[in-house]
Amino acid sequence: MCGTNQAESWDHVPPKTLFPKSGVEHLSLSSPQMANSRGYKLPACRTCNELLKLDEEYIRDRFSIAGSHDSARQIFKEGTRPSYTRLRERLKKVTKLDLILRDLVPITVTSKEGLVLGTAEGIKIDSQRVERVSIKIIKGLYYQNIGERIPDSYKFQIYWNPPNWLPDILEKKTNWVGRFGDFFAYKGITTNSDKFVSIWWLSFYRSLGIIVVVLNPELAIELSKE
Ligand SMILES: [Zn+2]
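Residue 829 is where the sequence shown ends in my numbering, and the numbering goes up by one at each step.
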C-alpha cells in the first residue's frame with residue numbers, strides 16, 4: 604500500500620468489514636458463485652492494514668442502511684449491535700445506532716423536473732471518510748488487476764453516483780470487473796495512453812455507487828486551469 608514498509612499482513616480489498624461477520628445468511632441469487640467470496644487478499648504492512656479501520660466501519664454502518672435487501676440489513680444489524688467482547692462498548696451510554704440517528708436530516712424529494720414530491724429522512728455522511736476508503740479500495744483493485752502500485756503523484760477524484768456517467772461506464776467492456784454477492788461490486792476502465800489513468804465504479808450493497816477517477820498529475824493540473 605505505502606510502498607515503503609515491509610508487507611507483513613494480508614489486507615482485504617474490499618474491506619473485510621463490509622461483509623457479514625457470521626457468514627452469509629442470504630446468498631445472492633444473481634451471482635451465487637461470488638456470494639461467499641470476501642474479496643481479494645493483498646500484502647500490506649500492519650500500519651496500512653489498520654489505518655482506515657474505523658472509516659471502513661463507518662462506511663459499512665451508513666451505506667448498509669441504504670440497501671433494501673436482506674444482506675444489507677444483516678450487515679447493518681451486525682454493525683450497530685453493541686459488541687460485548689469490547690468492554691469499552693458496554694460502558695458507552697450512546698450506542699452506535701444513536702450516533703447514526705443523530706445524523707438524520709430531513710430532505711426534500713423532488714422529481715427530475717423539480718416537482719416537490721415530499722420529504723424523507725436522509726443521513727449526513729462524512730465525505731472525507733468515504734474518499735479515504737474509496738481511494739484505498741481503488742489502490743487495492745489496481746494492484747490486484749495490474750500487479751503494480753499507482754504512483755503516489757497520481758490524483759484521485761471522487762463523485763457520488765453521477766447519474767449521467769453511470770450508464771456509459773457500465774456498458775463499456777473491461778476485464779476489471781468483480782462482484783461479491785450483494786455486498787460489493789466494481790468495474791474499472793483504463794486508458795490506452797496511461798495505464799494508471801482510469802475510471803472506477805464502486806457499488807456498495809447494491810444501492811450506493813461511487814465513481815473514482817485516477818488522474819495523471821500533469822493532466823490534473825491542466826484540467827484545474829481550465
Ligand atoms: Zn504500508
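Cβ coordinates follow ideal geometry from the N, Cα and C atoms, glycine included.
Check                                                                                                                                                               : Outcome
Going straight from the alpha carbon of T711 to that of L822, what length do you get?                                                                               : 38 Å
Rounded to whole angstroms, what's the CA-CA distance from Q609 to K644? Just pull it up for me.                                                                    : 16 Å
Give the secondary structure of Q636 by DSSP, where H, G and I count as helix, E and B as strand, and everything else as coil.                                      : The pLDDT assigned to Q636 is 46, lower than 50, so where the model puts this residue is not dependable; a value taken from the coordinates is nonetheless given after this. In this structure, Q636 counts as coil in the three-state DSSP scheme.
Which residues in the same chain as M637 place their Cβ atom closer than 7 Å to its Cβ, once the five residues preceding and following it in sequence are excluded? : Residue confidence is low: M637 scores 49 on pLDDT, short of 50, so the model does not pin down where it sits. Its coordinate-derived value is still stated next. Closer than 7 Å at Cβ, skipping near neighbours: R782, F783, G784.
Along the chain, which unbroken stretches of the beta strand (DSSP E) at least 3 residues long are found entirely within the segment 785–821?                       : 787–793, 801–807, 811–818
Based on the DSSP output, what are the partners of Q760 in its beta bridges?                                                                                        : V816
Which residue spans inside the segment 695–725 form an unbroken alpha helix (DSSP H) run of at least 4?                                                             : 699–705
Around the C-beta of V719, are 16 or more other C-beta atoms found within 10 angstroms, so that it is buried, or is it exposed?                                     : exposed
Who are the Cβ neighbours of T683 in its own chain at under 8 Å, not counting the five residues just before and after it?                                           : D664, T698, K699, L700, I703
With DSSP as the reference, label D729 as helix, strand or coil.                                                                                                    : coil
Would DSSP call R752 helix, strand or coil?                                                                                                                         : coil
To which residues does DSSP link P646 through a beta bridge?                                                                                                        : W613
Excluding sequence positions up to five away, which residues of its chain have a Cβ less than 6 Å from the Cβ of P646?                                              : A610
Mapping the DSSP letters down to three states, classify F622 as helix, strand or coil.                                                                              : coil
Measure the alpha-carbon distance for I761 versus P685 and round it to whole angstroms.                                                                             : 32 Å
Using three-state DSSP, classify H629 as helix, strand or coil.                                                                                                     : For H629, the predicted model reports a pLDDT of 46, less than 50, meaning its position is unreliable and no value from the coordinates is stated.
Starting from G781, trace the beta strand (DSSP E) in both directions and tell me its first and last residue.                                                       : 779–783
Do you know offhand how far T713's Cα is from F807's?                                                                                                               : 24 Å
Run through DSSP, which three-state label would G743 get?                                                                                                           : helix
Under 7 Å, CB to any heavy atom of ligand 2. Which residues pass, going along the chain?                                                                            : Only ligand 1 can be found as ligands here, which leaves ligand 2 out of the picture.
Closest by CA to L773, which one among V800, I749, Y757, L805?                                                                                                      : L805
Quick one: using the 10 Å Cβ neighbour count with 16 as the cut-off for buried, is K715 buried or exposed?                                                          : exposed
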